[in-house]
Amino acid sequence: MPEPVPLARVSFPSMTVASRPAITDTSRETLVHIAGLEKIYATKDGETIHALNDVNLDIGTGEFISVVGPSGCGKTTLLKILAGILARSSGEVSMQGRTLSGPSRELGVVFQAPVLLPWRNVLQNVMVPVEVQKRDRATFDKRARQLLNMVGLAGFERKYPGELSGGMQQRVGICRALVHDPSFLLMDEPFGALDAMTREQMNEELQRIWTESRKTVLLVTHSIPEAVYLADRVVVMTPRPGRIVDVIPVDLPRPRTLAMHNTLEFGRFVARIRAHFNSAGSIDA
Amino acid sequence: MSKAHSFGRFANIVLLPLLTLFAFIGGWEAFVRLFDISKIVLPAPSAIAVAFSDGFFSGDFVWHFAVTMYEILAGFVFGALAGLLLGFIVALVPLAERILYPYIVAFQTVPKVAIAPIIVIWFGYGVTSKIVITATIAFFPLLANTIMGLRAAPHDQIEMLVSYTASRWQVFTMIRLKQALPYIFVGLDVAIVLSVIGAIVGEFVGSKAGLGYLILQKNFNLDMAGTFAILIILSAIGVGLHAVVSFLQRRVVFWMDTSGERVVGA
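Which chain is which? The protein sequence lines are A and B, in order.
Going left to right, the first sequence walks through residues 10 to 294 as the numbering used here numbers them.
Going left to right, the second sequence walks through residues 40 to 305 as the numbering used here numbers them.
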């Protein structure tokens with residue numbers, strides 16, 4: 010396992026101001042640049058919902074970003090815009106210097122629900138991105154099997170989704186997001202439906218995958234401990250309108266262990282994040 | 040334990056219905072004999088059995104069965120294919136939907152049985168008119184179910200595929216088509232049963248051969264036992280064709296297995 014990379018400390022003065030220049034982790038090359046991003050929905054009654062308001066964020070290559078916030082704070086909207094499956098109302102989003110205009114082959118997305126195709130077996134489900142992107146099947150078939158092996162699903166290749174538990178299905182979804190070796194992984198509350206035990210296991214697994222593959226990850230979650238445990242930086246969002254109110258660098262040493270949850274330092278990060286929601290509404294922990 | 044269990048299943052699925060059938064036939068036979076019911080009102084099961092074997096061995100039933108089967112299958116295939124094709128067009132081309140759909144709905148509300156006489160006049164007393172009537176009846180279940188099925192794909196599945204840079208065509212072949220299959224099979228199942236009705240109705244209106252023609256002839260001669268024998272053949276055709284479609288359905292739409300554990304209380 011490679012040595013954990015020490016993360017540069019960045020100071021964030023007066024984080025609670027809504028409009029401020031883009032926040033950059035200067036130690037890394039910028040992968041994603043988000044500036045002045047807005048998303049406004051029109052409902053059927055003619056009302057408008059301001060889902061995202063002046064969102065500014067730079068994501069460095071290889072960085073692990075957690076996004077936390079209560080329901081309706083626009084975190085899923087942000088993720089869908091980055092995934093290229095939702096159009097933005099205004100603002101600038103670029104990936105590796107190029108303006109984002111749709112889904113990218115360099116992206117792997119893990120959704121809230123596993124969203125497996127029930128007529129495909131586990132291996133065929135994992136291979137979906139490879140088929141869609143017309144990559145070489147033989148090469149990636151091997152990789153798909155390795156990934157399934159890594160998440161403890163060796164021997165399940167020919168099972169159908171209906172024969173798997175919810176946790177197993179979600180792990181298949183994670184393998185699918187990784188199979189084409191994307192450089193940027195987007196995860197939308199991937200462990201929300203799992204029980205606490207499996208969830209912690211998956212957190213450890215995800216940290217290991219990230220450490221080994223050095224992918225850039227944006228994880229949307231409503232669990233503050235999960236966000237702190239995994240992230241280099243935690244982005245805190247609040248609703249109505251959805252905006253970033255704080256970006257907190259987490260400088261806990263890596264690899265992190267589950268025991269760290271009980272340390273004072275860990276608790277300080279959690280408390281700092283939670284403080285944002287005492288006024289803005291409740292959030293799951 | 041599993042042996043006892045499988046015997047229980049066998050008893051439930053095969054033995055019980057069979058016993059009910061024997062009891063029913065026995066009761067019927069006894070009723071007709073005891074009360075001396077006239078055979079032109081209600082023939083005894085034994086008389087129906089005799090009529091059945093007579094019809095079968097004289098070759099009468101075989102020929103008319105073949106004619107009706109041909110009408111059912113040909114009408115079903117043409118009607119189902121047309122329904123599928125138009126269903127795809129309406130579901131995929133918005134303009135086609137706006138132009139065609141009101142007329143399709145209007146035509147659907149016309150009872151097909153009512154236009155059977157017109158079709159017989161147009162297409163004659165031969166098998167062609169029966170095939171056309173059967174096809175118009177088999178058409179709508181496929182049309183409606185194909186349209187509904189092609190629109191049934193869950194939004195999250197489409198989002199998932201698009202996020203991996205899938206084209207519209209890939210979304211269509213990898214998701215929409217698959218999601219439409221269960222609906223299309225429901226349409227096929229309804230259509231095949233209606234096709235039997237279509238062919239018989241066509242033959243009733245005017246024909247020179249077929250089981251419907253034979254029923255009219257037997258009725259005219261007050262041969263009730265013969266009529267009942269043909270009814271048995273007709274229901275056997277319906278059950279058999281339904282079984283074929285169900286078999287294909289379980290094979291093709293294997294992921295929609297309904298044999299799972301039943302929900303308590305459901």
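Ideal placement from N, C-alpha and C gives every residue a C-beta, glycine not left out.
Answer yes or no: do residue i and residue j have a C-beta to C-beta separation smaller than 8 Å?
i: Leu203/A; j: Met211/A; result: yes
i: Gly114/B; j: Ala174/B; result: yes
i: Phe278/A; j: Val256/A; result: no
i: Leu126/A; j: Gln196/B; result: yes
i: Ser113/A; j: Thr204/B; result: yes
i: Gly71/A; j: Thr225/A; result: yes
i: Phe120/A; j: Ala240/A; result: no
i: Leu189/B; j: Arg207/B; result: no
i: Val77/A; j: Val243/A; result: yes
i: Ser246/B; j: Tyr142/B; result: no
i: Ala236/A; j: Ser75/A; result: yes
i: Glu115/A; j: Ser192/A; result: yes
i: Glu136/B; j: Val144/B; result: no
i: Val235/B; j: Gly279/B; result: no
So, with DSSP's three-state summary, where would you put residue i?
i: Met136/A; result: coil
i: Phe126/A; result: The question names Phe, but residue 126/A in the sequence shown is Leu. Coil at Leu126/A, not helix or strand.
i: His103/B; result: helix
i: Ser103/A; result: strand
i: Gly176/A; result: helix
i: Leu233/B; result: helix
i: His189/A; result: coil
i: Thr148/A; result: helix
i: Ala31/A; result: Any reading at Ala31/A must be qualified, since the residue scores a pLDDT of 42, below 50, and its modelled position is unreliable; no value is offered.
i: Gln52/A; result: It should be noted that the sequence gives Thr, not Gln, for residue 52/A. Coil, per DSSP.
i: Val261/B; result: Correcting the residue type first, residue 261/B is Leu in the shown sequence and not Val. Here Leu261/B sits in coil by DSSP.
i: Glu242/B; result: helix
i: Gly117/A; result: strand
i: Gly165/B; result: coil
i: Ile76/B; result: coil
i: Asp204/A; result: coil
i: Glu166/A; result: coil
i: Met196/A; result: strand
i: Val292/B; result: coil
i: Val41/A; result: strand
i: Leu60/B; result: helix
i: Leu81/B; result: coil
i: Leu157/A; result: helix
i: Leu55/B; result: helix
So, is residue i buried or exposed, given that buried needs 16 or more other C-beta atoms within 10 angstroms?
i: Arg48/B; result: exposed
i: Leu273/A; result: exposed
i: Thr230/A; result: buried
i: His194/B; result: exposed
i: Thr185/B; result: buried
i: Lys89/A; result: buried
i: Ala280/A; result: exposed
i: Gly276/A; result: exposed
i: Pro30/A; result: In this predicted model, Pro30/A has a pLDDT of only 41, less than 50, meaning its place in the structure is not dependable enough to derive any value.
i: Val245/A; result: buried
i: Glu38/A; result: exposed
i: Leu233/B; result: buried
i: Thr148/A; result: exposed
i: Asn260/B; result: exposed
i: Lys143/A; result: exposed
i: Val80/B; result: exposed
i: Arg180/A; result: buried
i: Thr107/B; result: buried
Quick one: residues in its chain with C-beta nearer than 8 Å to the C-beta of residue i, no 5 flanking neighbours on either side, listed in chain order?
i: Val89/B; result: Ala264
i: Phe267/B; result: Pro82, Ile87, Ala90
i: Gly6/A; result: Since the first residue shown for chain A is 10 and the last is 294, residue 6/A is missing from the structure and cannot be characterised.
Sorted by chain position, which residues of the same chain lie with C-beta nearer than 7 Å to residue i's C-beta, five sequence neighbours on each side aside?
i: Pro295/A; result: Missing from the structure shown is residue 295/A; chain A here goes from 10 to 294 and no further.
i: Ile272/B; result: Phe100, Phe104, Leu250
i: Thr86/A; result: Lys48, Ala60, Leu61, Leu95, Gly251
i: Val118/A; result: Ala92, Ala186, Leu195
Leaving aside the five residues before and after residue i along the sequence, list all residues of the same chain whose C-beta is less than 6 Å from its C-beta, in chain order.
i: Gly126/B; result: Leu182, Thr185, Ile186
i: Phe95/B; result: none
i: Asp293/A; result: Annotation note: pLDDT 44 at Asp293/A (below 50); position unreliable, coordinate value reported separately. Excluding positions up to five away in sequence, the list reads His231.
i: Gly122/B; result: Phe178, Leu181, Leu182
i: Tyr222/B; result: Asn184, Met187, Gly188
For a contact defined as C-beta to C-beta under 8 Å, what are the partners of residue i on chain C?
i: Gln133/A; result: No chain C is present in this structure, whose protein chains are A and B.
4 or more residues per run - each alpha helix (DSSP H) lying fully within the segment 219-293 of chain A:
233-239, 273-289
Within the segment 60-98 of chain A, note down every full alpha helix (DSSP H) run reaching 4 residues or more, in order along the chain.
84-92, all fully within the segment 60-98 of chain A.
Whole beta strand (DSSP E) runs in the segment 84-161 of chain B with 3 or more residues, listed along the chain?
none
Fully enclosed by the segment 169-214 of chain B, which alpha helix (DSSP H) runs are 4 residues long or longer?
194-202, 207-210
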